[in-house]
Amino acid sequence: MQGYANNPTLPYQGKMFATRLKDPERGSFICFKLGGESSVFRCIAKANDIVEIKDAVVYINGKKQNEPFVWNEYLISTAQLNSILGYIEKNNYKTDIINDSTNTIILSENDLKTYHLNLKKYILMKDTLSALYPAFKQAGYSPDNFGPIKVPEKSFFVLGDNRHEAADSRYIGFVKENDVFATVIN
Numbered sequence: 001m002q003g004y005a006n007n008p009t010l011p012y013q014g015k016m017f018a019t020r021l022k023d024p025e026r027g028s029f030i031c032f033k034l035g036g037e038s039s040v041f042r043c044i045a046k047a048n049d050i051v052e053i054k055d056a057v058v059y060i061n062g063k064k065q066n067e068p069f070v071w072n073e074y075l076i077s078t079a080q081l082n083s084i085l086g087y088i089e090k091n092n093y094k095t096d097i098i099n100d101s102t103n104t105i106i107l108s109e110n111d112l113k114t115y116h117l118n119l120k121k122y123i124l125m126k127d128t129l130s131a132l133y134p135a136f137k138q139a140g141y142s143p144d145n146f147g148p149i150k151v152p153e154k155s156f157f158v159l160g161d162n163r164h165e166a167a168d169s170r171y172i173g174f175v176k177e178n179d180v181f182a183t184v185i186n
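Residue 44 in UniProt numbering sits at position 44 of the sequence shown; the count goes up by one each step and never skips.
Structure follows, in structure tokens:
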């Protein structure tokens, strides 16, 4: 079950079309088997690519990726949160309370521009999540500060568009080419 891992691009319980006739490309969503279940994530990198994440910004082969569609988690004051409460309710943005004056909200860079917000990303630290893929955890990576790592032959590195809600390659490791059964085309 995918849940909210690819919001807003592939909404939870939304419909999509996929084909076996198209090879995965960087940026496309791929369907693959993982432990007997089907999963769908965005293919970020292919074999021999170097993946690095610095403060929740993805770099492929040293080049910063332009991902305005990705939902990241941001720190927001209670006053700012209250000023966009209608948009939060209308769009089902996820928020969490940190303390009386600070919250987190999950938005895209495009949303920040739309609501004229200048917010700081909420960066997960090394010990925040213990569920990282064992080799990545052992290397001292965190979900938001990761790599650089080289994608092995006949493998892909995948990420969800809702970065703090996705159990993607940071948690499951590389996706093997043989496990991919389709590429999303819509």
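Each residue gets a CB set at the ideal place from its N, CA and C atoms; glycine is no exception.
Is it the case that the stretch 65-77 contacts the stretch 162-171, given that we only count it when at least three CB pairs across the two stretches are under 8 Å? yes
So D96 is in the beta strand (DSSP E); what residue range does that whole segment cover? T95 to I97
Taking 8 Å as the threshold, find out whether the stretch 18-37 comes into contact with the stretch 139-148 through three or more Cβ pairs. no
Residue of Y115, E37, L75 and P134 minimising C-alpha distance to D179: E37
Local conformation of E109 per DSSP, three classes: helix
8 Å contact criterion, which A18 and V184 should meet: CB distance rounded: 5 Å
For V51 versus F157, is the C-beta spacing smaller than 8 Å? yes
Quick check: the Cα distance between S39 and K33, rounded to an integer number of angstroms? 6 Å
Residue range of the beta strand (DSSP E) that S39 falls in? E37 to K46
How about I97: is its C-beta nearer than 8 Å to some C-beta of chain C? The structure shown contains no chain C, having only a single protein chain.
Beta carbon of A93, beta carbon of I76: below 8 Å? This sequence places Tyr at residue 93; Ala is not what is there. No; because the gap between Cβ atoms is not below 8 Å, this pair is not in contact.
Here's the rule I'm using: 16 or more other beta-carbon atoms within 10 Å means buried, otherwise exposed. How should N48 be labelled? exposed
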